[in-house]
Each structure stands twice: as C-alpha cells, then as structure tokens.
C-alpha cells in the first residue's frame, strides 16, 4: 500500500467512525423516546485489486472502508406502564398504521396525506377533534363502525368524537296488562278484541321498528283469548303466529297453547314462565324475540281484570270485514300533521281466511302526504294472498283529507272507495275515518308492552381492549364497538424507510404491508395502558462510543503519520 492509499484509507476510516458516532449519539439521545428503534453500525472494506506473481499467489489490498447503518425495527422494546389509558404497546412484529395531516381543512374537516405511515409509538391521546394522535403527531388508523353497526373494511383515521348510542337489539318483549274483565255471568257476554300500543323494537343494525299484540276473546269461553304479534308500522314482517292464552277464574294465567300445533308452551305449573316466541324479519335478516306474559298463576304480568275493574288495553283499531267490504268504524289517528317518516299499520283482521291490514307510510312532510295499501302482515312469501293498488293521500294542515289518487293510474278517488284483492276475492275498503292530529305528538294508552332494548345513552368516553376494539362507554352502563385498531406486518420489517417521529414508510426492500385487525398476519397482541420503551442499550452504546472515539483518534494518527512521510519524501528533492 502506498502512502497515498494509507492516507485515503485513514480518511475513509474517519468518515466511517463519524457515522458510528452519529448512530450512537442518536441512540443515546433517544434512550427515553417511546417506540424508538436503536441502530447499529456495520463496517466494510473495499479491495482495490490483486497482484499476481509467477507463483500464482495473489494479495488483495484494502483501499478504503465504509460504514452502513443497520436498522433493527424487529427488535422489541420493554413494555412500560403508562397512566394514559389510550396508550398501547405491541407484543409481536406488527406496527400501527398511522396518517399525517396536511395542515389544511375542508369544511372544517382535517385533511390527510395519501402516504401511509407505520410506527411502534403507541402513546396516543384524543385531540380536540376526536382523533387519536400519538406524541409524534401521527393519527391512528383503523376500521370504523358505520351507522348500520357494521365494521368497515376500509382503513381510515379513527375518530371518537361524540359517538351516538346505537339502540340495542331487542330479544324480549314483556307485557304487563289486564286484557279484559272477568264476566259476572259466563253465559252472557260479548267477545271483544283489543290491541296493545305498539312498542319500539330494534334490529341488529339499531333500526327502529314497531310491534303490537292483538287479543281476541273466544266466542264460547270468556277466559280464553287468542293473541298474536304483528308488525305495527309495516317496516318488516312478523312470522305467522297465534297462541291461545287461558286464564283461571281468578284472572291469572293458566296456560299458553300454540294454535298451529296444539301443544302447550312451557309448563302449566304455578310459577312457571309463560313466554311466546316471536320471529321478525327486518331487511332480510331474521330476528328471534320472546314475548314474556308473566308466570302461571301470577298476579302480575298479564291478567284479566275483575268484573268491576279497569282493563288496561284499548279497543282494537276498528278495521272490520263484512262480506266483501273492509271498514274503519271509528275515527283513527294515523299520526301528526307536523311529523316526518311516520308509519302506521291497522290491527290485522281476518277476511276470506286471510289476515289483512292497511299499511300507511308517510312519503312527504309538506304537505303531509301518505301512501296506503293493503297487505298480509304475516306473509313472507314472494307472492302474497293480498294485493292492492297503492294510493297517495294528501292531507290538509288541519288533518283532514285533501286528495286521494291511485299511484298506478293517477285517477282520483276517495278513502271510502279503495279496493283490494284478498285470497282471489275483490274487496272494497272504506278508510274515510283515518285522519291526522294537529298535536305535536300522539299519546299512548296505559298498556305496558315493553322491550329489553336500551334505546338511549349519553357518551362518556372510550376505552381500548387487548384485541384492538375501541369501545364507547355510556352513562347507562353499556359499551359499544366504535372501531378496531389496524396493525401491519412486513416480509422484511428492517427494510422500511425511517422518517421523522419514529415512523416508517414501505419500500421495495420491506415488501408491501399485510394489514388487518390485531392478531391477523402474525402482527401480535396489544398491551393497553403500556408503551414500548426505546431499544437503546445505554451501557453498550457508551462502551461503543469509547471504542469509536479511539478508532477515530487512531485514524487521525494515520493521517498525521502519512502526512509526515509525504513531507519527508518531498524534502528529499530539496
């Protein structure tokens, strides 16, 4: 090696040790930085060439050296406890998916870069806009729950501002009512029918529906009633159901029998639960519910009032069938003149061996406009035994009818001259006693048909579970899924490109991200309430710093010596 080669090699050694100094100083400076991954320095030499003699021996001459920074993104730091309940540490090889804001807003909404970032810094806080942002300013990405209650499969920035409570799915309906009076003389009574006030139920998407019960007294035994549940607003269907409920002479429940099978539901022993299954279909999804009537022999729940007592159910909506005519005998309120998105279904009545009801749906608010048609509320088949034209009814502001037109032909008609086909027979229908109320809302009767759905709740905050589920908490004690944290894995995680704030971007060397929920693609699990500490080893790095200092000094000594040799060589000519 010539003196010049020695000089250039020493200079490259100084540069290499400078790189080592940089990496070591970064490590030491970030020894307390959450999610920081310490780098190491690898050295390599460059061989200028080889000299080949007559004995075929060769010698490679090192001309310089270089330093390469080696990332250790795959090295996991210690999980340290945090007082921040939104902090998360990953146990595994996954990284959080995060975004960076552009600094601009559109209609008050934060705008984000299209570049996807990844980080192990799980020290997140909720900012004033409801986003989860870590201490480096990156926004946490994940999968949000939509308004339909379903988890999206699209990655987006998680926002937990003012989460709205989604009513819980109905599983049980409970009736507490007196359906009629015990007769003072069993030989002379008039069979009656009653309906409960509709109760609001909710499906799995938190969409509201209404269900009501129709009670019809036996013509031969005043203690025997038939009860059926029906869809009270026409937004779904209730599977055909009819049950015989028998009371004893004291007015308490004695038995419940399924009319379709003749079998007793449950037990007839005193104290046994008296329940009826109800199956609804909403938006193509079947939902099973249970109607709780009380207990056999119980004095609460569903009973019959004494002969002089007051029953708590109301007379059924008076849609009656006589011959081939359907008639509303009494004035009935559909809804209000100021309401919107209102629906109404009359109590089903048997006509020509088929159940039929008038289904009303509000289609406009100003002027109040409704559509009405006749349906079998229990029919779930594609071809119904009940068919009719749909009629458009416009009301005046005082609740009276203004115009009625056939939506198919456009012909004008009246509510007293509607038509329907029931079981192949043509019927005329008189609905002229249907009106709207000018009150802001309609009152309900004292019947207590309730559902177990929780309809309202005030948002209190969020908490994160170990599977990455972000749950909203409400003052009613309920928790609901808001979003799920997403994690990504890479074929070569050490091939990621490091950027500011303990974040990385994907490269050709790292491969594309494999993104999913926590635990998918081998990403690992979460420790909530913890953060991942820096992987800096202060003892090792301080020792390496001394070695690098000595190596740096040695290289400078080589430069000084080579310079002296060159000076001596130059002096030979003088």
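In this note's numbering, the protein residues as written are 49 to 622.
We put the CB at the ideal spot given by N, CA and C, even for glycine.
query, result
"Tell me, please, which residues DSSP counts as bridged to residue 291.", "275, 306"
"Which of the three DSSP states, helix, strand or coil, is assigned to residue 600?", "helix"
"If you draw a straight line from the C-alpha of residue 136 to the C-alpha of residue 610, how long is it?", "55 Å"
"For the structure I just gave you, are there three or more beta carbon pairs, one from the segment 409 to 423 and one from the segment 442 to 454, closer than 8 Å?", "yes"
"So, helix, strand or coil for residue 470, using DSSP?", "strand"
"Please name the residue in 617, 567, 593 whose C-alpha comes closest to that of residue 69.", "593"
"Which residues bound the beta strand (DSSP E) around residue 547?", "545 to 547"
"In terms of DSSP beta bridges, what is residue 157 paired with?", "154"
"Please report the straight-line C-alpha distance between residue 266 and residue 198, rounded to a whole angstrom.", "46 Å"
"For residue 400, which of 473, 330, 119, 208 has the nearest alpha-carbon?", "473"
"Excluding five sequence neighbours on each side, which residues of the same chain lie with their C-beta closer than 7 Å to the C-beta of residue 294?", "271, 272, 302, 303"
"Could you tell me whether the Cβ atoms of residue 436 and residue 455 are closer together than 8 Å?", "no"
"With 16 other CB atoms within 10 Å as the buried threshold, where does residue 598 fall?", "exposed"
"Could you compute how far the alpha carbon of residue 550 sits from the alpha carbon of residue 184?", "8 Å"
"For the beta strand (DSSP E) that contains residue 551, what are its first and last residues?", "551 to 553"
"Which same chain residues end up closer than 8 Å to residue 62 when comparing Cβ atoms and leaving out the 5 residues on each side of it in sequence?", "600, 603, 604, 607"
"If you count every other CB in all the chains shown that lies within 10 Å of the CB of residue 169, and 16 or more means buried, which is it?", "buried"
"Out of 57, 322, 509, point me to the one whose CA is closest to residue 345's CA.", "322"
"What whole-angstrom Cβ distance do residue 260 and residue 239 have, given they're in contact under 8 Å?", "No, residue 260 and residue 239 are not in contact; Cβ-Cβ is about 20 Å, not under 8 Å."
"Look up residue 75 in the DSSP assignment and say whether it is helix, strand or coil.", "helix"
"What residue range does the beta strand (DSSP E) around residue 230 cover?", "Note, residue 230: premise wrong, no beta strand (DSSP E); not H, not E."
"Figure out for me which residue from 157, 268, 565, 440 has the closest Cα to the Cα of residue 202.", "565"
"Could you name each continuous beta strand (DSSP E) segment of 3 residues or more that falls completely within the segment 149 to 225, going from the start of the chain to the end?", "149 to 154, 157 to 160, 165 to 167, 172 to 174, 180 to 182, 187 to 192"
"Report the rounded CA-to-CA distance for residue 452 versus residue 397, giving the unit in angstroms.", "24 Å"
"State the beta-bridge partners of residue 564 as determined by DSSP.", "535"
"Given a threshold of 16 other Cβ atoms within 10 Å of its Cβ, counted over all protein chains shown, does residue 161 qualify as buried or as exposed?", "exposed"
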